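Below: the structure, in structure tokens.
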Amino acid sequence: MADTAVPSPSTYRLTTRTLVAAAGGIFVAQVALAMPAVLNGLFQQDLGTSASQLTWISDAYFVPVALFTLAFGVLGDLHGRRRLLLGGAAVLAVGEVAGLLTPVSGDQGLRVGWLLTAQVLCGLGAAAIMPTSLAMVAAGTHTARERSRAIGVWAAALATGSFVSPVVGGFLAKFAFRGSETGSWRWAFLAAAVLAVVSLVLTARLAEESSSPEGRSMDWPGQAAISVALFCLLFGTIQGSSSGWGSPLVVGAYVVSLVAFVAFVRIERRSPSPLVRLDLFAGRGFSLTALATVVGMFGYLGCAYSSSIRLSAIQGFSPLTTSIAFVLLNGSTLVFARPVSHLMERWGARWTMVTGFGLMAVGCFWAAAVPASTMSVALIAAPVAVVGLGFALALNAVSAAAVDAAPPHLAGMAGGTASLLRDFGFTLGPAVIGSIALSRAADSIAERLASDASLRQALAAFSAAPDTATGAQKAALEAAVGAVQSGPLGANAVPGSIEVNGTSVPFNPLKDVAFAALDHAYSFGYVVCGIATLVAAVIAVLAVSTPTRPVEEAALPAHA
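Take any residue in the sequence shown, count from 1 to its spot, add 930: that is its number in my numbering.
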């Protein structure tokens, strides 16, 4: 067992053992994060999810990470980062087991709610792991060379989790779960739970304790304000496509988010120990870097989410086939870890970030030009690989730029800020792209129905089919009609024809219409992501000529 005596911030140095534990923690957190990417099609088939529910399954993990990453950065400073890394791995393991135990039958709302709860627990565990693991690396490295190389290892572990997870999840999804082929997604949660337990053991045996408690205390009012602000923003964005952008629920969520964010800024300015040192953003260079991070990471995960929905829920590829895209999307960060580290030393973090965001923009626009009707993974693989290469460059750069802005004893805050910026952008990706794409697809289907009387008649006949059926056939028809009425993804999931006594019979009249509408909608999603990453590159260029203003020791509160 590693010695748990806490060295002072000035003497603490990162050891190989601690780096292994920190890298193991971020690896497991990223495995859990990336797992749903190839399973969206199975979630929809097994749980009968609506479009917004499918988006929430992905974002239920991200939301706690975005809400609480700052708080866990402070708690790690106060109570020890090793202890927090242990707790995060334990909570993550519990969440994964809860996902495994999602009921295989029963009320649809209960089953979806169970999985969402499990994902929230996983997200809470990850929220403790992500900033803590980065802070352990940052606090123990005291030169630019040491830090860039250590963060390179950390980022490589993160990327490894990102591309290993879909492959493992896709492979395990081949095996039926309690006789259900569509329920096979649960095996992925079992694998993630086992990895979380392994991370827990590694941390207990290898990691050295570190903390920076001086001048730090938990800013509960600030935490409450930023949690409300971010949650309401995400809630309004995700619900907009189903509840309507002008609905009182969505408009009210945005208003509350704005009020809470203003309150957060006021609280942080007056707090003797804020969650975020707002003077970090006073320098034009740092604020531009922060904005580029949020916009760029939004574009990246929006592209990843579009690829996931396109390959699994629209084109119907198996989870294992879908995982090919995510190996290309995330594998570059591992393959190019050492070259990227050298580039950061030679070019600096910001020029590396500019290049990364530029490549991501090229890949997103390229992907938008590939129609889903080609039914080919190979054609989408090349642009996705370009996005992945860009992400490999940008990921290290945004992490290093944020961490370098604070002195070593504020590494927890710097790690929390870096994680918040990155993960908030990640959280916005599925929420915004899902809402935009599904709204456009629904509008396209509605326009087609309004202009085609024969299609309306066919849909009416299909919707009335359960009325004349009995028994199991009636239940199957009701499920099919319900799926078609749930939205564009549901309409695409029900086949256009079925075999009856060896003869193909027309079934779902909206199948082809929904497929075409979703193809165009998610192609537009790629365009949005391309614009976002291009804007991020431009912002990063503006930041290059403006040095980040370091936080001076004299600027610390008097009691620090």
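Every residue gets a Cβ at the ideal spot worked out from N, C-alpha and C, and that includes glycine.
Nothing here was measured: the structure is a model prediction, and the numbers come from that model.
Item	Value
Assuming residue 1435 is part of the beta strand (DSSP E), what are its boundary residues?	1433-1436
Out of 1008, 1043 and 1312, which has the shortest C-alpha to C-alpha gap to residue 1298?	1312
How would you label residue 1489, buried or exposed, when you count the other beta carbons within 10 angstroms and need 16 or more for buried?	In this prediction, residue 1489 scores a pLDDT of 35, lower than 50, which makes its location untrustworthy; no coordinate-derived value is stated.
Would you mind reading off the limits of the alpha helix (DSSP H) that contains residue 1026?	1011-1030
According to the neighbour-count rule (16 or more other Cβ atoms, all chains shown, within 10 Å of its Cβ), is residue 1183 buried or exposed?	buried
So, are the CB atoms of residue 1293 and residue 1261 less than 8 Å apart?	no
For residue 1471, I'd like the list of residues in its chain whose CB is within less than 7 Å of its CB, leaving aside the five on either flank, ordered along the chain.	1284
Identify every residue that forms a DSSP beta bridge with residue 1427.	1436
Figure out for me which residue from 1366, 1387 and 1467 has the closest Cα to the Cα of residue 1456.	1366
Beta-carbon separation of residue 1368 and residue 1171 under 8 Å?	yes
By a C-beta neighbour count over all protein chains shown, 10 Å radius and 16 as the cutoff for buried, is residue 1418 buried or exposed?	buried
If distances are taken between C-alpha atoms only, which option among 1175, 1402, 1032 and 1047 comes closest to residue 976?	1032
According to the neighbour-count rule (16 or more other Cβ atoms, all chains shown, within 10 Å of its Cβ), is residue 1150 buried or exposed?	exposed
Starting from residue 1404, trace the alpha helix (DSSP H) in both directions and tell me its first and last residue.	1401-1415
Figure out for me which residue from 1306, 1451 and 1049 has the closest Cα to the Cα of residue 1241.	1306
Between the Cα of residue 1162 and those of 1153, 1093 and 1179, spot the shortest distance and give me the residue it belongs to.	1179
Beta carbon of residue 1092, beta carbon of residue 1147: below 8 Å?	no
With DSSP as the reference, label residue 1392 as helix, strand or coil.	helix
Can you tell me the Cα-Cα spacing of residue 1253 and residue 1238, whole angstroms?	9 Å
Spell out whether any CB of chain B is found under 8 Å from the CB atom of residue 1012.	This model lacks chain B altogether; it includes just one protein chain.
Helix, strand or coil for residue 1110 per DSSP?	strand
Does the distance from the CB of residue 1354 to the CB of residue 1224 come in under 8 Å?	yes
Classify residue 1428: buried if its beta carbon has 16 or more other beta carbons within 10 angstroms, exposed otherwise.	exposed
Taking contact to mean 3 or more Cβ pairs, one atom from each stretch, closer than 8 Å, check whether the region 984-1000 and the region 1052-1069 are in contact.	yes
Quick check: the region 1019-1033 against the region 1076-1084, are there 3 or more CB pairs under 8 Å?	no
What does the Cβ neighbour count give for residue 1435, buried or exposed, with the cut at 16 atoms within 10 Å?	exposed
Drop a sphere of 10 angstroms on the beta-carbon of residue 1431, count the other beta-carbons inside from all chains shown, and report buried for 16 or more, exposed for fewer.	exposed
Alpha carbon to alpha carbon, what distance is there between residue 1120 and residue 1030?	6 Å
For the 8 Å Cβ check, are there 3 or more pairs between the region 1106-1118 and the region 966-974?	yes
Can you tell me whether residue 1245 is helix, strand or coil according to DSSP?	coil
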